[in-house]
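Student: Numbering that gives the first Met the number 0 numbers the first residue of the sequence shown as 0 and each following residue consecutively.
For glycine and all other residues, C-beta sits at the position ideal for the given N, C-alpha and C.
Since this is a predicted model, take the numbers as computed values, not measurements.
Dumping the structure here so I can ask a few things about it.
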Amino acid sequence: MMAAKPETIQASYVVRRGRREDCDELLRLIWELADHEGTLQKPTITKEILLEDAFGERPNLHFFVVELKGLEDNGDIRGKMCVGFAAMNGFVTDIFLGRHSKLCGLYIDEGHRGNGLGRALMKAVCKTCLDLGVASLDFDVRMNNQRARHFYSSLGVTNNTETKGWEYWQFRDTNMKKFSSEPECLNGVNTQL
């Protein structure tokens with residue numbers, strides 16, 4: 000008796016804009032990214048925030064997904080799932096730089112790396128930035144993440160830490176609340192907002 004021929008499955012990838020129905024998959028990938036980076040701070044974004052910020056009345060978040068489509072021999076779609084994402088803020092206007100945006104995250108599932116998916120996501124992000132009139136795209140990379148640093152360098156991205164010597168500073172909400180609630184102390188200055 001002959002053994003049954005194993006079913007052949009091909010896979011194809013599609014990079015596309017995120018949709019409302021992708022939010023659960025995007026949240027899953029965001030948590031995978033946090034685990035991959037080993038960050039102590041875990042994501043605080045919720046599905047509700049994601050829906051509002053990406054698809055609400057005034058969206059300021061763009062995201063892109065890599066969708067894996069498994070195809071059977073006859074070309075039927077066996078299943079779909081997201082295996083990567085990129086997320087960026089719309090833009091802010093800087094008095095020196097003009098419009099600029101921030102890449103909030105880029106992640107490819109470990110089993111799908113090395114297929115050009117990160118590069119394809121970055122192209123989608125860059126095209127969106129240019130469509131929005133954005134002059135620069137900023138993002139953070141962990142100093143010990145050599146693979147990511149090499150990847151971004153290969154795209155022609157400038158590492159401002161090395162070239163400009165600028166430090167990265169962040170005012171967290173807890174510090175902003177404390178600072179904002181302190182009494183005015185400068186020569187009777189009264190802030191009226």
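Bridge partners for THR92 per DSSP, in chain order?
Tutor: Looking at the DSSP assignment, THR92 forms a beta bridge with ARG98.
Student: Kindly indicate which three-state DSSP category GLU20 falls into: helix, strand or coil?
Tutor: Here GLU20 sits in helix by DSSP.
Student: Output needed for GLU181: all residues of its chain with C-beta closer than 7 Å, excluding positions within five of it in sequence on either side, in chain order.
Tutor: No residues qualify anywhere along the chain.
Student: Which word fits ILE94, buried or exposed, when buried means at least 16 other C-beta atoms lie within 10 angstroms of its C-beta?
Tutor: That one is exposed.
Student: Below 7 Å CB to CB, which residues in the same chain sit around TYR151 once its five sequence neighbours on both sides are set aside?
Tutor: Answer for TYR151: VAL140, listed in chain order.
Student: Ignore the nearest five residues each way along the sequence and tell me which others in VAL13's own chain have a CB closer than 7 Å to its CB.
Tutor: GLU66 and LYS68.
Student: Which same chain residues end up closer than 7 Å to LYS41 when comparing Cβ atoms and leaving out the 5 residues on each side of it in sequence?
Tutor: Excluding residues within five positions, the ones whose Cβ falls inside 7 Å are ALA33.
Student: Sort out for me which residues DSSP pairs GLU66 with in a bridge.
Tutor: According to DSSP, GLU66 bridges with VAL13 and CYS81.
Student: Measure the alpha-carbon distance for PHE62 versus CYS125 and round it to whole angstroms.
Tutor: Those two C-alpha atoms are separated by around 12 Å.
Student: Pairing CB atoms from the stretch 42-49 with CB atoms from the stretch 15-32, are three or more of them under 8 Å?
Tutor: Yes, since at least three Cβ pairs between the stretch 42-49 and the stretch 15-32 fall closer than 8 Å, the two stretches touch.
Student: When we look at the beta-carbon of ASP172 and count the other beta-carbons within 10 Å, is it buried (16 or more) or exposed?
Tutor: With fewer than 16 other Cβ atoms within 10 Å, it is exposed.
Student: Alpha carbon to alpha carbon, how far is GLU109 from GLY83?
Tutor: So the alpha carbons of these two residues sit roughly 9 Å apart.
Student: Among the candidates LEU120, CYS81 and GLN145, whose CA atom is the shortest distance from the CA of CYS103?
Tutor: Residue LEU120 is the option with its Cα nearest to CYS103.
Student: Would you tell me roughly how many angstroms separate the C-alpha atoms of VAL133 and PHE170, rounded to the nearest one?
Tutor: Between VAL133 and PHE170, the C-alpha separation is close to 24 Å.
Student: Counting along the chain, where does the alpha helix (DSSP H) carrying LEU154 start and finish?
Tutor: No alpha helix (DSSP H) contains LEU154, which DSSP labels as neither H nor E.
Student: Reducing DSSP to helix, strand and coil, say where MET142 ends up.
Tutor: MET142: coil per DSSP, three-state reduction.
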